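Okay, structure first, notes after.
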Amino acid sequence: SSGINAEYGGRVIRGQRKEPGSIFKAHVKKRKGQVKLRDLDYAERHGYIKGVVKDIIHDPGRGAPLAKVYFRDPYKYRINKELICAVEGMYTGQFVYCGKKATLGIGNCQPNGPLP
Numbered sequence: 632s633s634g635i636n637a638e639y640g641g642r643v644i645r646g647q648r649k650e651p652g653s654i655f656k657a658h659v660k661k662r663k664g665q666v667k668l669r670d671l672d673y674a675e676r677h678g679y680i681k682g683v684v685k686d687i688i689h690d691p692g693r694g695a696p697l698a699k700v701y702f703r704d705p706y707k708y709r710i711n712k713e714l715i716c717a718v719e720g721m722y723t724g725q726f727v728y729c730g731k732k733a734t735l736g737i738g739n740c741q742p743n744g745p746l747p
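Numbering of the sequence shown is given in this note's numbering, commencing with residue 632 and proceeding in unit increments.
Right under this line is the structure:
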């Protein structure tokens, strides 16, 4: 058998033999999706882009609420839907700005360099 206890003559206890499961598994079945910020494109590197918060939802297994933010694609005729972590004070219908020249405000995303 494997385990560090077996090498030194000790026993492999029952908790080590059991596979991970039962109450110690992460509940990932009903998750809403991958949470991340926008991809850093030209609009975000040199200016800013405006998005609107469409919905604030609960994600099972996560303490913070999530925000569905819709951005207009600067290159194609489509809507980019992003799932970001909602901040305190964010509400549906709010405009959020992401980019280098975005103002400092609730929900806005800026790169770490120009932050005060």
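Quick reminder that beta carbons are idealized off the backbone N, C-alpha and C, glycines included. Quantities reported herein were computed from a predicted structural model and do not represent experimental measurements.
CA-to-CA distance, residue j to residue i, given in whole angstroms
| i | j | result |
| --- | --- | --- |
| G724 | H689 | 17 Å |
| Q748 | K656 | In this structure the chain extends from 632 to 747, so residue 748 is not present and cannot be described. |
| P705 | A674 | 8 Å |
| G581 | H658 | This structure cannot speak to residue 581, because the chain is shown only from 632 to 747. |
| K687 | E719 | For the sequence presented, residue 687 should be read as Ile rather than Lys. Spanning the two alpha carbons is a distance of roughly 11 Å. |
| N743 | M721 | 21 Å |
| K732 | V643 | 59 Å |
| T734 | G664 | 28 Å |
| G736 | D672 | 21 Å |
| N739 | K707 | 23 Å |
Test item: CB-CB of residue i and residue j under 9 Å
| i | j | result |
| --- | --- | --- |
| R669 | N711 | yes |
| R703 | I680 | yes |
| P696 | R662 | no |
| V727 | L714 | no |
CB-CB length for residue i against residue j, believed under 8 Å
| i | j | result |
| --- | --- | --- |
| V683 | C716 | With 8 Å as the limit, V683 and C716 do not qualify as a contact, their Cβ atoms being about 17 Å apart. |
Host beta strand (DSSP E) of residue i (start-end)
| i | result |
| --- | --- |
| G682 | Y679 to I688 |
| R645 | From DSSP, R645 is part of no beta strand (DSSP E) but of the alpha helix (DSSP H) over R645 to R648. |
| E713 | I710 to C716 |
| V727 | F726 to G730 |
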